[in-house]
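Visitor: As given, the protein sequences belong to chains A, B and C, one line each in that order. Under the numbering used here, the first residue of the first sequence carries the number 1, and numbering increases by one thereafter. Under the numbering used here, the first residue of the second sequence carries the number 669, and numbering increases by one thereafter. Under the numbering used here, the first residue of the third sequence carries the number 1039, and numbering increases by one thereafter.
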Amino acid sequence: MEALLEITPDVVAREMLTMDWDEPQTIERSATAIKIRGLRKSYGALEAVRGVDLEIQRGEIFGLIGPDGAGKTSVFQILGGVMQPTTGEAKIFGQSARETRSSIGYLTQAFSLYQDLSVAENMRYMGELRGLSRAEIQRRGMRYLKLFDMDRFTDRLAGRLSGGMKQKLALACALITEPKVLLLDEPTTGVDPVSRREFWDTLAQLSADGMTIVVATPYLDEAERCHRVALMHDGVIHQTGTPAQLRHHSGLKRLEVRAADLSRAETLLCKVESLADVQRFGDRLDVMARNAETAEAITRATLRSAGIAVNEIRAGAPTLENTFVAILRELNGEVNTPAFPVRRKFRDRAPNAIAIGAHELHKRFGKFHAVKGINLEVKYGEIYGLLGANGAGKTTTIKMLCGLIEATSGELTLADEKGGFRSSFVRQRIGYMSQKFSLYDDLTISENLDFFAGVYGVPPAERAEKMQWALEFSGLAGRGNMLTGSLPGGWKQRVAFGAAIMHEPSVLFLDEPTSGVDPLARRAFWQMINRLADRGVAVLVTTHYLEEAEQCNRLGLMVAGELVAQGTPTEVKAAQRGQLIELNTSAPQQAANLLKAEMESWRVSLFGDRLHVIVDEEVLSAIQNLQQRLRRAGIDVRDAYEERISLEDVFIAVVEQARREGKVAAED
Amino acid sequence: MKRIIAQMRKELTQIFRDRLTVALALVLPLILLVMYGNAISFSVTNVAIFIEDLDQSPRSREYIAAIAASRTFRIVSLPGGLGKDEALAAEVVRAVITIPPHFESDLMRGRNAEVQWLIDATDANTANNLRGSATAITQSFCRQNGLNPTAIRPAVSAEMRLWFNPGRETYKYIGPGTIAVVLALFPPLLAALAMAREHEHKTILQVYVSNISAREFLLGKTLAFFVLALAEFVLVVSSGMLLFGLRFVGDPSPFLIGALIYLFCCVAFGVMAGTAIDNQAATIQAVSMVCFLLSFLLSGFIFPLSNVPSIIRWVAYVVPAQYFIEITRDAFVRGGGWSAVLPGIFALTGLGIFFLFTAWRKMRRMQVNV
Amino acid sequence: MKNLIHKIRGLRVFVLFLKEMRQSRRDRKFIAALILPPTVQLILFGFALNPNVTDLRLGVVDDSRSVLSRELIAAFEASGSFRVKTYFASPTVLGQELSAGKLDAGIIFPPDFARQRERGETAKVQFVLDAVNSNTAGIASGYAQRIINSFNQQFFKSEAGVKLDGATTPLSARVALLYNPGLRNSWFILTGVLGILLILNGTLVAAGAMVKEKEVGTVEQLLMTPAAAWEIITAKIVPLCLLLSLDIWLALGVGWLVFDVPLHGSLLLLYCAGVLCVLAGVGLGTFLATFSRSLQQAQLLSFFVNPPLAMISGATTPIEAMPMWMQAFTWINPVRHFSTVARGILLKGAGIEILFPNLLVLMVFAFILVFFSARQFRKQLG
């Protein structure tokens, strides 16, 4: 730990910039597609981009990752030719970005569609703007819509599509001109894992066809699928390389530790100096150290002395997220979670008292049956994760559970009450953070906190202390006078979270609290959520990050308005039949295409450069079988082994299964 | 050219998809037409007055009958407990007429009699009109009763001729103006909104990324809303002619040409406003303020512009409605033909080009301005 | 004392109220909307809606070329209502100029104009007016008549020594112009526009404030707090009314400074009536907000409500000139009642004992509108 802390950001940056990447490349990259030299962009006094140099090869998927406000969007706007840099240049195929517009496709953070035009009209307009003939638009448009499985929706208004579909349409619109370079600025934020994976499968295919793709994403599992990744922070690029290079760069090994009391184990291990870093991921701790063997010994010893039972310790390669978090910690320092100033005694309740309960909960909007007979129970002190694709009915369910909308039928329990959820007495005990940013942009941060403290009846004497805590938690101590509207999205989420728990609720609803929040801050969120649960607060949370969903005590998986699976993360994963085999191949994309054609497509998915295949038969024979099949197609399998099924694999399998059974008609 | 048409078609699709927009463009103008045509008039009739007859003689009753016979006044009695002054202050009556005692005997004896007319002059224009009516009624009463003063033949008398609108019909004045004012509001408002919406929803970035030029983009937008304005024009002019009984006086071609240029000019203003302000709500405020208020007040729509102080009058020179109102009045009332209309047409063309050019200057780089 | 402050600070309504005040204070557009448009509108309306007939462009065809014709022309010029623009050779040319809109009036002296007079007859002159503007034409013809009458009086006084005035007419109407003897139309317009401003601004600002939380999505968060719907709505309406009622003082200031509008009655009463008017506007705005998803939608919807409120009110044009069906509508228009009250207080010095019917109606409007739309809005919140 010490050794790492000594590296100042400057040193890291220098080291990383000079790093070469010498790994053999699977895709031929003959020409430089994008060349950025000394790029700077200032907005008034604020310098968003402070000297960026980049070279991106043709056919590459290049990932730009970094926390909120790192300057990624500015780089995209300059590359797209829609903004002038202050100094420096950005060349695409040797020409200025402005001149090469016709060979660029650009997807902005917001859906860049006309919501009041239909799918076909959107495509037509985009095509005609680029001077394509009607026949061409028709031909290419249908091709992409078919590819995205959207050809049935040509007449639907763009505004009525789900988030995932909108992004696919936006991509289709950008593709219609058959651009050579595709710029994607956080295209999948707020999109569910299934749609995200489909989206990335498409990207992989496009890149295999020779398209250059630059993409920004807050999801690091997506970044694993890039050929190369650059880490941007504070307007500067700190590290560039293939995901593998970045992962191995630190020279650290990773230990997956599964133990009985993870939160206590984490606190204990963090204090051990010979361990470089300890991070909590779902149902395990990731311990980073230079030497795996000694680290394992130290970990076992430490936990044993504290009386924590160790279930399993496995060595593995560090993930991109491990690396990212480690680097951000070096640059930013740890986001520490200050102790919450508890002022109220938690009411004593019978063990296993139900905080949130629903029995046969239904909701109909006209003809549309949004929620179909949901049964769930959340006890005090429990974290319950509600997962599901966009449009599965999660938000509707949450709104019914907390009394924002009336259920069509069904019984509800909330904070020991059976009804009258709209009374201020009940709401006093509830914390709620909605999907959208729930702060007033035109108030300062302090004013916002003051307002929520006041309206929830936090006694005036306690307010200062509570507000101070919320500011510290958001990493904004001393900056309370900033206008909330000027904060990047991720920071706002943190303040909103602070605002939602100042009154010490006993039931907490969090609807996608961490969407768009960088990994470091996300960890602070979960630390706090865990602490609240330890105090006895019931937490109901939704998220699209399935890794963090592992931290829930129990999960519910929603598909098309129904709860199809429920249980602890381990139970949910165990319920998934079959084994997961991870393959490391010479041509992952082709391999995926091949296998998808041969077996049910939900069984095969790409994780970065690795292939996940779910098989029903015995593992060893399955591996042999797969190797044979791939070898016949001329694809070399470097490595194949059984891997634990992750929540994401389960999620995708369940949703795909429901789709096959006709429960979900993909959309509608 | 293909891109201009593509842009235009997209705008039209969006316009007709939104019911509120269509209602604004096609229904509201008709409502305003009816309202303005009827609400803006200064020829008062049936004004409530109270007559206090302190004489109660046949002569005084004849005088009252003369007042009652005029369409201008309507004689009412005061509700219980209300004095004359209170009735005037509470706007129960606009005027109180007092016929003095000995009215009849004074007249018979050839002594001067005076009837007192107390007129509420808060509305100066109406008060002026009422004063005229009072004098006219009294004079005609004198004539009919042979009470003329010793006939001295006046030195000079004028033969009054009211040209173009001999019946002094309000419709002939307000009607054409209403057409111009109504057209000045909605086409630019909707054009400005569509423009600002692209900025607000960030769809403008997609336009920037494509290789459409600022000129093509702006022309496409302008054309789409021009088409909409044209539809509104046909609707408004035909119903205006029906409603106000307007007919073309002479050759309608200067009017039609002038109208096309006026519509272009209005839409161009909207496009310019939408380019300058990238927030929809603020755009509505600005455009309604400029188009509605200025076209209404500084165009000679209600009262002649010459009454306005000269500093404010300068503003009127950039209000397109000012020129078009004159063109419509010429077409429907005066019939002055091309020579009367040409300066206005030139001014409108100039303004339209200026508006579009300003929009182009702001947009020409087709990039995010920081 | 400190305890009390703490108690008040702890009140939810107060917290909500404070938040609204802070938001509007920071909203520069809102502050600008409170000050700028009303000032501009008051000044524009006051100056632009002026029916006076001055400086009418007069064309002259003087075929008589006599002293008498020149004296009459001089009399027209001296009146200030007419200004000789051009002399023309023939009536035809004058007619053309008139139809081209380059003249407002024409006077045509026949060749034997002076000779008629010399023969002891009445000399006849032709006076032509462009009557497109019916109102101006009516007033202008009256002015022309009056100029000629006084010309006659002058003429007889000097030439024949006969006095031709009221004394010789057996019956005359003695007209007294009450409350506005100077016949300043701006007084009428300003007192009317004040009501329009209060209601229109109230509608727009309230619709904005109500719809904003819905649009941004903060309303859900707000609904999950213990604050009751009535607390939320009250906390929104009260600051709006307080701020918007500032426009009353602004309008009075502009009226007093620019147009010399007098104040004969009670300011307090006027302010109260103004607040009622604002309340009616706020109620209407809240009502519009229930139909809108976004601010601009609310604004566009207001186009269906605001122009009728402004026009069918008698605020700027006389009600007696409207068709009967429209006159009936003015009774259900708060602007009409406020105009009566404003004129009563400012120009006529009337008190509550005279204006109470209008005040009562205003009050009923304000409360019905606020109550009804607040209920509607609350329903939508839940």
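Idealized CB from N, CA, C, for every residue including glycine.
(1) According to DSSP, methionine 558 of chain A sits in a beta bridge with which residue or residues?
(2) Need the endpoints of the beta strand (DSSP E) that glutamate 224 of chain A sits in, please.
(3) Apart from the five residues on each side of it in sequence, which residues of its chain come closer than 6 angstroms, Cβ to Cβ, to glutamine 109 of chain A?
(4) Alpha carbon to alpha carbon, how far is leucine 1024 of chain B from alanine 758 of chain B? Give it in angstroms, no decimals.
(5) For glutamate 128 of chain A, decide whether its Cβ has a neighbour in chain B, counting only Cβ atoms nearer than 7 angstroms.
(6) Please name the residue, chosen from A:Glu512, A:Thr299, A:Arg422, that lies closest to valine 310 of chain A on a Cα-to-Cα basis.
(7) Can you tell me whether glutamate 754 of chain B is helix, strand or coil according to DSSP?
(8) Using 7 angstroms as the threshold, is the C-beta distance between isoleucine 717 of chain B and phenylalanine 741 of chain B below it?
(9) Using the Cβ count rule (16 or more neighbours within 10 Å means buried), how would you classify lysine 1417 of chain C?
(10) Taking the alpha carbon of alanine 1175 of chain C as the point to measure from, which residue in C:Phe1342, C:Asp1065, C:Gly1144, C:Ser1188 has its own alpha carbon closest?
(11) Roughly how many angstroms separate the alpha carbons of leucine 1393 of chain C and threonine 1272 of chain C, rounded to a whole number?
(12) For the structure I just gave you, are there three or more beta carbon pairs, one from the segment 969-980 of chain B and one from the segment 1089-1104 of chain C, closer than 8 angstroms?
(13) If the cut-off is 9 angstroms on Cβ atoms, which residues from the segment 552-564 of chain A count as contacting chain C, listed in chain order?
(14) Mind reading off the beta-carbon distance from methionine 502 of chain A to alanine 470 of chain A? Whole number of angstroms is fine, and I expect it under 8 angstroms.
(15) From the beta carbon of serine 102 of chain A, is the nearest beta carbon of chain B less than 7 angstroms away?
(16) In this structure, how does DSSP classify glycine 63 of chain A when only helix, strand and coil are distinguished?
(17) At 3 residues or longer, and completely inside the segment 1112-1150 of chain C: list those beta strand (DSSP E) runs for me, N to C.
(18) In this structure, how does DSSP classify arginine 364 of chain A when only helix, strand and coil are distinguished?
(19) List, from N- to C-terminal side, the beta strand (DSSP E) runs of 3 residues or more that fit wholly inside the segment 33-115 of chain A.
(20) According to DSSP, what are the bridge partners of asparagine 584 of chain A?
(21) Looking at the C-beta of glutamine 1418 of chain C, does it have a partner C-beta in chain A at a distance below 7 angstroms?
(22) Where does phenylalanine 1415 of chain C land, buried or exposed, given buried means 16+ other C-beta within 10 angstroms?
(23) Would you report the Cα separation of serine 907 of chain B and leucine 1087 of chain C, rounded to the nearest angstrom?
(24) Compare the Cα-Cα distances from arginine 577 of chain A to each of A:Val654, A:Glu562, A:Ile529 and report the closest residue.
(25) Can you give the Cα-Cα distance for asparagine 584 of chain A and aspartate 53 of chain A, rounded to whole angstroms?
(26) Between which two residues does the alpha helix (DSSP H) harbouring threonine 570 of chain A extend?
(27) Taking aspartate 534 of chain A as part of the beta strand (DSSP E), name the residues at either end of that continuous run.
(28) Find the residues of chain C that neighbour aspartate 721 of chain B, judging by a C-beta separation of less than 8 angstroms, and give them in chain order.
(29) Report the CB separation of serine 967 of chain B from glutamine 953 of chain B in whole angstroms; it is logged as a contact under 8 angstroms.
(30) Report yes or no: is there a C-beta of chain A within less than 7 angstroms of the C-beta of alanine 674 of chain B?
(31) If you scan the segment 725-808 of chain B from start to end, which runs of the beta strand (DSSP E) of 3 or more residues do you find wholly inside it?
(32) State yes or no: is the beta carbon of asparagine 879 of chain B nearer than 7 angstroms to at least one beta carbon in chain A?
(33) If we cut at 7 angstroms on Cβ distances, does aspartate 1093 of chain C have a partner in chain B?
(34) Excluding five sequence neighbours on each side, which residues of the same chain lie with their C-beta closer than 8 angstroms to the C-beta of leucine 563 of chain A?
(35) Report yes or no: is there a C-beta of chain C within less than 7 angstroms of the C-beta of glycine 190 of chain A?
(36) Just checking my contact of threonine 871 of chain B with serine 112 of chain A at CB under 8 angstroms: how many whole Å lie between their CB atoms?
Guide: In short:
(1) A:Gly388, A:Leu563
(2) Neither: glutamate 224 of chain A is in no beta strand (DSSP E) and is coded neither H nor E.
(3) Asp185, Glu186
(4) 52 angstroms
(5) yes
(6) A:Thr299
(7) helix
(8) yes
(9) exposed
(10) C:Gly1144
(11) 28 angstroms
(12) yes
(13) none
(14) 6 angstroms
(15) yes
(16) strand
(17) 1120-1125, 1143-1147
(18) strand
(19) 46-57, 61-65, 87-92, 104-107
(20) A:Arg610, A:Asp639
(21) no
(22) buried
(23) 27 angstroms
(24) A:Val654
(25) 32 angstroms
(26) 569-575
(27) No beta strand (DSSP E) holds aspartate 534 of chain A; the alpha helix (DSSP H) holding it covers 519-535.
(28) Those within 8 angstroms of aspartate 721 of chain B in chain C number zero; the least Cβ separation is about 15 angstroms.
(29) About 20 angstroms; that fails the 8 angstroms criterion.
(30) yes
(31) 741-743, 763-767, 781-788
(32) yes
(33) yes
(34) Ile374, Asn375, Leu376, Gly556, Leu557
(35) no
(36) 6 angstroms
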